[in-house]
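Our numbering numbers the first residue of the sequence shown as 554 and each following residue consecutively.
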Amino acid sequence: MELASSHIPRIPSWSRVRVTDHSDCEKIYQLLEASSTQPDALDTVKEAVIKLRQIRETTFFNTYNTHAKPYVERERLRVFASDHPLHETIRILDLQGDEAQHRLPEGNVVKHLTWHDPSVSEEREARLAEDSERWHVHTYTGIQDGEFLHHAAPLLLMHCSNIESLTYSMCPYTYNADRQAPYRAHILEQSLMRNNYGKLPETHLQRLRHIRLLPETGLWYDDERTYSHMDILGQLRLFHRLPNIESLAIDGITTNGGADHLEHFPPHTSNLRTIHVGHSMLPSTLVAVLIRIPKRLEEFTHFVGGRDTRDGGRNLFSARTLGKALWDQRASLRKLDLDVDGLLQDDKYDRQNYERYLKESRRRAPDEQPYWYDEWFRLDEQAPAGGPWHVHDLPDTREYSNTIGSLHDFEKLTHLSLGVKLLLGPPESKTPFRLVEALPRSLESLLIRGYTRGQTPKYDDAIGELVGRCSELLPALREIQGVEECVPGADVEMTRRRMVAPVPGEEEDVSYWELDEGDHDWA
């Protein structure tokens, strides 16, 4: 039996599209058909939301469910027209091209997509309506919906050429014996990465400006009191080279214990101008890499706390490492908001990490490369003015001594918010500069967190001199907060959770930060 598309009515003009669950499938299929029959209907899409859970392999469920077997067999035997319009639609992904990592058969992809062809859906729904045991089949249809969503997502993004804002989250992990399932689960990431590096026949997402990365969805371990693991640099490889990219926003994340995440990235390879990383727990070595990726970073926000790690541990954070990375962006940085005092450690840990990096580099044979030095890294490495990979290879232009360092030459900086410990160092150490001379003359607004007058003489002296001489040495400074009244910083100890979640009706000892995903409905 051949199934082909019939008359396609005019679809609505959507400004926001979504790929998340079964409720989106019908609209998504309409858009995929419209890419060949009504391409102008996709021009109105300005925003996309992608939130995908993992693909589950069908035999995992069907082996133990006799009720689903007739549906599985019927789907296996289903055929579609060789000239189905979706054959042309998917060619945008170049699935059989030389750059395709896992050459998925084009026919298989079209079959996954035609799962929601109206004629196929209508026949399936009619069959289910007559089946008294249809509730036993819902897991199978849900699995097929997941396959459809994973295959449809890259097509939707590539065909909607005017997308400016993308909210993105995907959990690609699979638990199955199907050797093709991991490749199918990664079809979206592989398509985005190839597009980002110019490895598709045509360029797409050229108007994308704003990226928001949400924590992974659908993980088996789902405790909302903890940070979610994210390979933040790996995710950036999907978008960072796009020409109009401006901003990146991330909240509620940590790294996966030093495993399975990218730790190195060539600097100055992106047009990103604004980066926000909030309520997260990242090491300073990773934050330093992130800061240096933009060619000209203008705004950077990073604050910790609000949740706990899954094992109760803490990432190490060095003020010096952070300061050196920010120095690399001193010519463009306008706004800087940092709340990391609760994590600050002595710089020796980052220095030891750097020494290990050097030793590994020296031991490595000339023809041997580390796992992260792959084809994508080499493409980024070709950036004309990237500079050294490692932040500690940057020159030491000032003394840090467990502070962020003097900011006197950050000539574009107008707004500065940070903790007193990051600014002046711990109470027992000597600050290697006078605060009033370490701030740029361009500064208009200053907020100091964690300072209480009269508690620490070192802080009192530095801030007192600043207040007394700011009109003379900092003529643009119009606002200083955190001097008369303490502005508290993030308390990373407050959110240490107990290992067992409270039972229903029982209250937590502390309140945890909750992610506000915003409005993701179709619009």
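For each residue, glycine too, the CB sits at the ideal point set by N, CA and C.
Given the structure is predicted, the values throughout are model-derived calculations rather than measurements.
Under the DSSP assignment, F930 falls in the alpha helix (DSSP H) whose first and last residues are E928 to E934. About 3 Å separates the beta carbons of G972 and D894, which is inside the 8 Å limit, making them a contact pair. Distances from the CA of P768 to each of P565, I603, G1007 and N618 were compared; the closest alpha carbon is that of I603. Going by DSSP, F818 is part of no beta strand (DSSP E) at all; its letter is neither H nor E. Beta-bridge pairing by DSSP links P847 to S823. DSSP places R677 in the uninterrupted alpha helix (DSSP H) bounded by P671 to A682. When the alpha-carbon of V662 is set against those of S685, G699 and S674, the nearest one is in G699. M783 has its alpha-carbon roughly 15 Å from the corresponding atom of D861. Three or more Cβ pairs drawn from the stretch 875-892 and the stretch 946-955 lie within less than 8 Å of each other, which places the two stretches in contact. Rounded to whole angstroms, the separation of the alpha carbons of F701 and L850 is 38 Å. E1018 places its beta carbon 8 Å or farther from that of R994. Scanning its chain for C-beta atoms nearer than 8 Å, with the 5 sequence neighbours on each side dropped, one finds around L585 the residues L639, T642, L666, A705, L708, L709 and H712, in chain order.
CA-to-CA, the gap between Y693 and I564 works out to about 29 Å.
Fully contained in the stretch 569-643 are the following alpha helix (DSSP H) runs of length 4 or more, in chain order: 578-590, 611-615, 622-630 and 638-643. Judged by their CB atoms, H832 and G865 are not nearer to each other than the 8 Å cut-off.
DSSP, read as helix, strand or coil, puts T984 in coil.
Counting only the Cα atoms, D1074 lies some 40 Å from C1039. Ranked by how close their Cα comes to the Cα of D1014, the residues L886, V830, E628 and L977 have L977 in first place. Secondary structure at H1073: coil, using DSSP grouped into helix, strand and coil. DSSP places Y1012 in the uninterrupted alpha helix (DSSP H) bounded by P1010 to L1026. In the three-state reduction of the DSSP assignment, A938 falls in the coil class.
Pairing L1000 with G1035 gives a Cβ-Cβ distance under 8 Å.
For E742, the three-state secondary structure derived from DSSP is helix.
Residue environment for D962: exposed (fewer than 16 other C-beta atoms within 10 angstroms of its C-beta).
Residue pairing for D890: DSSP places it in a beta bridge opposite T854 and S970. When only Cα atoms are considered, L869 and W1066 end up about 21 Å apart.
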